[in-house]
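Student: Pasting a structure below so you can have a look.
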Amino acid sequence: MNLKEACAELVRIEAEYDVNSLEFNGIKIWPLIRHHVWFGLVGVRDQYKPQSTHSILPRTLAAKILGDIKGLIKRIYILFLERRKAEKDTEIVFMSRPVYLQRLVSGLRIDRIMDPIYFLCLHRLKAEKYYLGRNPGHKSLLFHGRRLISIPRQPVSIGRDLTQKIYDVARGSGMSPERLSADVATSLSEFLAWRAAAGRLFVRRPELRNLYVTSWYFPDMMGVVSAAKQADVEVCDVQHGKQGKFQGMYSWWTRIPESGYEMMPDKFWCWGEPSKRHILESCVHNDRHVPFVGGYPWMDYYRRFVARGTSHRDIDSRRNVLVTLQSPQGDHLEPIPKFIIDYLMTPGLSGVHFVFRCHPNYKSCLDYCRDVLGAVPTELYSISDGAENLYDELLGASHHMTAYSSCCYEASVFGVPTLLFGEDARSIYEEEIRSGEFSWTRGSVDELAAWLSRDNGTENHPRVRDGYIQASLEAAAQIVCEN
254 MNLKEACAEL
264 VRIEAEYDVN
274 SLEFNGIKIW
284 PLIRHHVWFG
294 LVGVRDQYKP
304 QSTHSILPRT
314 LAAKILGDIK
324 GLIKRIYILF
334 LERRKAEKDT
344 EIVFMSRPVY
354 LQRLVSGLRI
364 DRIMDPIYFL
374 CLHRLKAEKY
384 YLGRNPGHKS
394 LLFHGRRLIS
404 IPRQPVSIGR
414 DLTQKIYDVA
424 RGSGMSPERL
434 SADVATSLSE
444 FLAWRAAAGR
454 LFVRRPELRN
464 LYVTSWYFPD
474 MMGVVSAAKQ
484 ADVEVCDVQH
494 GKQGKFQGMY
504 SWWTRIPESG
514 YEMMPDKFWC
524 WGEPSKRHIL
534 ESCVHNDRHV
544 PFVGGYPWMD
554 YYRRFVARGT
564 SHRDIDSRRN
574 VLVTLQSPQG
584 DHLEPIPKFI
594 IDYLMTPGLS
604 GVHFVFRCHP
614 NYKSCLDYCR
624 DVLGAVPTEL
634 YSISDGAENL
644 YDELLGASHH
654 MTAYSSCCYE
664 ASVFGVPTLL
674 FGEDARSIYE
684 EEIRSGEFSW
694 TRGSVDELAA
704 WLSRDNGTEN
714 HPRVRDGYIQ
724 ASLEAAAQIV
734 CEN
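All letters in the sequence shown, in the order written, are residues 254 to 736 by the working numbering.
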């Protein structure tokens with residue numbers, strides 16, 4: 254099912270079922286269930302799994318005891334860290350994920366979503382930054398950030414009444430009732446664990462008034478959001494990529510209750526007017542989870558403080574094509590479609606080099622790329638693990654290709670032409686394709702060759718232009734520091 258069809262299905266489900274009757278411990282949990290339904294509809298998955306040579310052994314009693322001891326030590330350690338790091342005068346907290354860290358030429362890593370905003374607050378407000386779960390590697394961070402850890406819980410018992418309602422939704426959307434019910438129970442445990450962890454953090458910060466998060470729609474961040482609401486802290490989700498028109502966790506909410514959802518942020522920070530408009534147009538009676546334009550300050554930060562230290566693209570006769578890959582989902586089943594491989598297998602091909610940049614959430618991307626590109630001459634391509642700064646790679650590119658990543662907007666700002674492919678891209682970027690900002694192909698070797706042969710006149714220096722993305726550090730500072 255493509256993204257447009259999946260959004261229509263969400264609308265149908267909300268029309269046919271009383272989704273707001275889905276409650277757990279007094280909390281309306283439709284956002285959490287909708288997360289699973291949405292991912293099921295669009296088929297989000299990491300399909301490529303290399304064969305393992307290791308057998309899976311049953312867990313012995315000794316291993317279980319050792320695991321219990323490790324768990325107890327971890328709980329004590331977490332509580333020790335939280336008490337040691339109490340900051341009673343903190344006014345604003347940023348919650349991010351290590352996946353948004355990108356490596357600079359210096360070797361340090363910057364959080365493209367949160368760090369430009371955090372930077373603006375450093376000398377104006379008492380601010381803290383945290384990363385959920387995985388250790389971000391403190392010594393390599395350009396701007397200091399701490400690690401927030403939750404204490405794992407066993408899957409909760411959701412009760413017969415809630416289970417039956419989940420079964421009804423699952424059957425109505427063509428999903429496995431047993432699987433959806435089990436997934437919800439697991440996610441609720443994760444939600445509760447992170448709500449408790451964040452609650453312990455917030456209670457020791459009585460001056461805290463604002464929380465900024467990103468990628469709110471996973472159970473861990475939903476728990477953080479819920480804890481903030483309980484502490485009377487306003488929550489804002491900062492846009493991390495393309496969202497709005499056909500992104501089912503931001504758009505097409507038609508049954509938002511009058512009091513809103515405890516799991517959802519109060520505000521949505523959008524890159525520009527189009528994202529804000531897409532959310533407002535598709536979400537009925539939404540006055541509790543409000544979008545506004547904050548821009549994408551990372552682009553302005555990069556232009557001012559990073560780009561001067563990078564080497565700009567070497568303009569020669571060779572075509573340097575950056576391909577930003579995405580995980581398989583919806584109708585996008587092959588991250589590197591066959592027509593690109595067929596083009597690279599063209600006899601006598603020269604004067605072109607493709608860089609396949611992995612999406613940081615696509616865990617088996619490197620193995621997938623090595624497999625499907627195995628027969629392609631190695632001088633025609635390279636593989637990027639996605640840890641390098643995207644903008645440094647854009648500066649070295651003459652062309653950009655993607656299925657439907659919002660990197661196309663960023664490429665446009667840098668003067669790099671984009672070729673989109675696939676039916677999802679045609680739906681999502683219909684206006685931009687029609688206007689000529691982006692090119693599109695159904696998947697043709699001849700169309701790819703013709704697009705690359707045209708003189709697409711790239712620019713040597715990054716620029717910030719009006720459009721889908723607004724980029725201003727001053728505008729962001731006014732929003733955050735004067736809120």
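Ideal Cβ placement from N, Cα and C applies to all residues, glycine included.
Assign Q490 to buried or exposed, taking buried as 16 or more other Cβ atoms, counted over all protein chains shown, within 10 Å of its Cβ.
Tutor: Residue identity differs from the one stated: residue 490 is Asp in this sequence, not Gln. Burial call: buried.
Student: Could you pull the start and end residues of the alpha helix (DSSP H) that Q417 belongs to?
Tutor: Counting along the chain, the alpha helix (DSSP H) containing Q417 begins and ends at 413 to 425.
Student: Where does E269 sit, in a helix, a strand or coil, going by DSSP?
Tutor: If DSSP states are grouped into helix, strand and coil, E269 belongs with the helices.
Student: Given a cut-off of 8 Å, decide if I589 and C611 are closer than it, judged by their beta-carbon atoms.
Tutor: Against a cut-off of 8 Å, the Cβ pair of I589 and C611 comes out as no contact.
Student: Using the Cα positions of G494 and I318, report the straight-line distance between them to the nearest angstrom.
Tutor: Approximately 43 Å between the Cα atoms of the pair.
Student: Using DSSP with H/G/I as helix, E/B as strand and the rest coil, what is I363?
Tutor: Correct three-state label for I363: strand.
Student: Give me, in chain order, the residues of the same chain whose beta-carbon lies closer than 7 Å to that of G639; leave out the 5 immediate sequence neighbours on both sides.
Tutor: These residues qualify, in order along the chain: R610, C611, H612, P613.
Student: Does the contact criterion of 3 or more C-beta pairs under 8 Å hold for the segment 530 to 550 versus the segment 351 to 362?
Tutor: Judged by Cβ distances under 8 Å, the segment 530 to 550 makes no contact with the segment 351 to 362, as fewer than three pairs qualify.
Student: Could you pull the DSSP bridge partners for W291 from this structure?
Tutor: Beta-bridge pairing links W291 to no other residue.
Student: Grouping DSSP H, G and I as helix and E and B as strand, with all else coil, what is T577?
Tutor: In this structure, T577 counts as strand in the three-state DSSP scheme.
Student: Pop quiz: M738 and W469 are said to be a contact at Cβ under 8 Å. What is the actual Cβ separation, rounded to whole angstroms?
Tutor: The first residue shown for the chain is 254 and the last is 736, placing residue 738 beyond what the model contains.
Student: Within a Cβ cutoff of 6 Å, which residues of the same chain sit near G476, ignoring the five residues on either side of it in sequence?
Tutor: Result list for G476: F444, W447, R448, in chain order.
Student: Could you give the C-beta distance for R362 and L401, rounded to a whole number, given that I count them as a contact under 8 Å?
Tutor: The Cβ separation is near 18 Å, so there is no contact.
Student: Determine the DSSP secondary structure at Q500, reduced to helix, strand or coil.
Tutor: In this structure, Q500 counts as coil in the three-state DSSP scheme.
Student: Would you report the Cα separation of V409 and T439, rounded to the nearest angstrom?
Tutor: Each residue's alpha carbon lies about 7 Å from the other.
Student: Hey, F607 and L597 are a contact pair by Cβ (cut 8 Å); roughly how many whole angstroms apart?
Tutor: The Cβ separation is near 7 Å, so the contact holds.
Student: State the start and end residues of the unbroken beta strand (DSSP E) segment that holds F545.
Tutor: Unbroken beta strand (DSSP E) run through F545: 543 to 546.
Student: Check this for me: beta carbons of L643 and C661, under 8 Å apart or not?
Tutor: Not a contact, by the Cβ cut-off of 8 Å.
Student: Taking only the alpha-carbon atoms, compute the straight-line gap between G525 and G720 and give it to the nearest angstrom.
Tutor: Those two C-alpha atoms are separated by around 7 Å.
Student: Near S274, which residues of its chain fall below 6 Å by C-beta distance, leaving aside the five closest residues on each side in sequence?
Tutor: Cβ neighbours of S274 beyond the five flanking positions: none.
Student: Looking at S697: is its Cβ nearer than 8 Å to the Cβ of F558?
Tutor: No, Cβ-Cβ distance for S697 and F558 is not below 8 Å.
Student: Taking the C-alpha atoms as reference points, what is the distance between S725 and A560?
Tutor: Distance between the alpha carbons of S725 and A560: 16 Å.
Student: Is the CB-CB distance between V422 and Y554 below 8 Å?
Tutor: Cβ atoms of V422 and Y554: not closer than 8 Å.
Student: Kindly indicate which residue of Y465, S535, V478 has the alpha-carbon position closest to the one of W522.
Tutor: With distances taken between Cα atoms, W522 lies closest to Y465.
Student: Between the alpha carbons of L647 and V669, how many angstroms are there, rounded?
Tutor: C-alpha separation (whole angstroms): 7 Å.
Student: With 16 other CB atoms within 10 Å as the buried threshold, where does E683 fall?
Tutor: By the neighbour-count rule (16 or more Cβ atoms within 10 Å), E683 is not buried but exposed.
Student: Am I right that S479 and E515 are in contact with their C-beta atoms under 8 Å? What's the rounded C-beta distance?
Tutor: The Cβ separation is near 5 Å, so the contact holds.
Student: Can you give the Cα-Cα distance for K382 and F667, rounded to whole angstroms?
Tutor: The alpha-carbon atoms of K382 and F667 are separated by roughly 29 Å.
Student: Thinking just about the alpha-carbon of each residue, which of L633, V264, H289, M348 is nearest to the one in P430?
Tutor: Selected option, being the one with the closest Cα: H289.
Student: Just curious, the beta strand (DSSP E) that A380 is in, first and last residue?
Tutor: Here the beta strand (DSSP E) through A380 covers 380 to 385.
Student: Decide if A550 is buried, meaning its Cβ has at least 16 other Cβ atoms within 10 Å, or exposed.
Tutor: The sequence shown places Pro at residue 550, rather than the Ala named in the question. Buried.
Student: For S308 and P630, I'd like the C-alpha separation in whole angstroms.
Tutor: A caution first: S308 carries a pLDDT of 36, below 50, which makes its placement in the model unreliable, though a value can still be read off. If I take the Cα positions, the gap works out to 35 Å.
Student: Using the Cβ count rule (16 or more neighbours within 10 Å means buried), how would you classify E460?
Tutor: Label assigned to E460: exposed.
Student: Does DSSP put D342 in a helix, in a strand, or in coil?
Tutor: D342 falls in the coil class under three-state DSSP.
Student: S692 bridges to which residues according to DSSP?
Tutor: Paired residue(s): L672.
Student: For E641, collect the residues of the same chain with a Cβ closer than 6 Å to its Cβ; drop the 5 residues on either side in sequence, then sort them by chain order.
Tutor: Taken in chain order, the residues that qualify are R356.
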